[in-house]
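Trainee: Those letters in the sequence shown? Residues 16 to 102, per our numbering, in order. Note that CB positions come from ideal geometry on N, CA and C, so glycine has one too. Following this message is one structure expressed as structure tokens.
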Amino acid sequence: MKKNTKKTKFKDENSERKFWSDFDLNEKFQPKDFKNVSFPNLKPTTRSISLRIPEHLLVRVKERANKLNIPYQTLLKQYISQGAQKK
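Quick look at the structure:
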């Protein structure tokens with residue numbers, strides 16, 4: 016890996032913009048310079064929503080989740096995810 020410790024100073028925003036538009040990381044790094052990393056404590060952002068579904072459908076989902084021994088909201092997320100992946 017080529018080390019470049021020199022900091023670039025810019026006269027104004029236009030010169031900085033020009034610099035970054037022409038900048039190529041391939042000149043500074045090689046693929047072998049990178050390491051795979053993982054973030055085990057990073058969780059995807061979730062958001063609460065209100066979903067109105069017929070009561071009989073909710074009962075069926077809860078029964079199915081009970082048979083699978085998982086929370087019904089987890090089962091609903093799985094169903095939504097599977098449906099979203101279909102074309």
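So what does DSSP say about residue 48, is it helix, strand or coil?
Mentor: Looking at residue 48 - three-state DSSP - the assignment turns out to be helix.
Trainee: Going by the CB atoms, is the gap between residue 91 and residue 74 shorter than 8 Å?
Mentor: Result no, Cβ atoms of residue 74 and residue 91 do not sit closer than 8 Å.
Trainee: Could you check where the alpha helix (DSSP H) with residue 91 kicks off and where it finishes?
Mentor: Counting along the chain, the alpha helix (DSSP H) containing residue 91 begins and ends at 87-100.
Trainee: What whole-angstrom Cβ distance do residue 34 and residue 44 have, given they're in contact under 8 Å?
Mentor: The pair is not a contact, with the Cβ atoms about 17 Å apart (cut-off 8 Å).
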